[in-house]
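**Q**
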Amino acid sequence: SQQGEEDPQALSIQEGENATMNCSYKTSINNLQWYRQNSGRGLVHLILIRSNEREKHSGRLRVTLDTSKKSSSLLITASRAADTASYFCATPGGGGGNKLTFGTGTQLKVEL
Amino acid sequence: GAGVSQSPSNKVTEKGKDVELRCDPISGHTALYWYRQRLGQGLEFLIYFQGNSAPDKSGLPSDRFSAERTGESVSTLTIQRTQQEDSAVYLCASSPRTVTEAFFGQGTRLTVV
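In structure tokens:
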């Protein structure tokens with residue numbers, strides 16, 4: 003079963019606009035991670051936010067975490083065509099144990 | 032150093048045959064994961080190895096699936112009597128310890144015909 007659910011499933015924006023993706027999860031976590039996947043192959047880690055953090059920045063990425071609502075958001079500012087990819091949230095401990103469990107993903111398309 | 036390496040990158044097999052997929056994790060990484068991703072879908076957890084602990088096999092979909100890991104090195108995922116529904120990309124990832132970022136290989140695309 004999926005620990006995280008991303009919303010929206012798909013998002014299409016124009017280059018230069020901001021993209022926001024949301025993730026909801028079910029169990030208690032000690033961190034939440036966001037990954038990017040191009041062309042259905044290997045995922046690349048983007049950012050990790052710990053449960054005692056509320057917001058974190060990395061370049062054009064901004065992640066927020068609300069543990070009371072069991073939700074996180076990923077904001078990509080000033081998007082570029084190269085940001086076109088699928089984005090997944092992941093949490094350790096989904097379903098018990100320490101395994102890393104992924105959400106369903108958001109497909110982002112950035113058009114020129 | 033080298034990243035996570037998976038082989039083969041592509042595999043076409045006939046229904047009913049057995050296949051073996053290989054993953055070489057980053058040296059020193061104690062945690063290793065296998066996932067399955069069907070076309071256009073999310074990552075489905077299969078199995079997780081952490082050091083010398085018993086693996087978490089809770090995601091294996093049937094007894095046709097098995098995986099092994101030798102110490103903290105290479106892992107193999109074996110699918111016996113493959114079915115068309117097994118067609119997917121199989122992704123391996125490793126991490127230096129639990130609950131930290133995972134590093135992914137490029138996956139093995141399995142096609143069962």
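Those protein sequence lines, which keep their order, are chains Y and A.
With the numbering used here applied, the first sequence covers 3 to 114.
With the numbering used here applied, the second sequence covers 32 to 144.
Ideal Cβ placement from N, Cα and C applies to all residues, glycine included.
Taking the C-alpha atoms as reference points, what is the distance between Ser3/Y and Trp65/A?
**A** Reliability of the predicted coordinates at Ser3/Y is poor, the pLDDT of 39 falling under 50, and the value obtained from them is presented with this limitation in mind. Spanning the two alpha carbons is a distance of roughly 15 Å.
**Q** Return helix, strand or coil for Ala33/A, following the three-state DSSP convention.
**A** coil
**Q** Checking contacts by CB at 8 Å: is Gln16/Y closer than that to chain A?
**A** Output row for Gln16/Y: interface = no.
**Q** Could one say the Cβ of Leu74/A lies closer than 8 Å to chain Y's Cβ atoms, at least one of them?
**A** Yes, contact with chain Y.
**Q** In whole angstroms, what separates the C-alpha of Gly136/A from that of Ser75/Y?
**A** 26 Å
**Q** Please list the partners that Phe135/A has in chain Y, where partner means a Cβ-to-Cβ separation under 9 Å.
**A** Tyr37, Gln39, Arg43, Gly44, Leu45, Val46 and His47
**Q** Work out the CA separation of Gln115/A and Val144/A for me, nearest whole Å.
**A** 6 Å
**Q** Measuring alpha carbon to alpha carbon, tell me which residue in Leu108/A, Glu51/A, Glu75/A and Glu99/A is nearest Lys101/Y.
**A** Glu75/A
**Q** State the Cα-Cα distance for the pair Ile31/Y and Ser40/A, rounded to the nearest angstrom.
**A** Cα to Cα, the separation comes out at about 33 Å.
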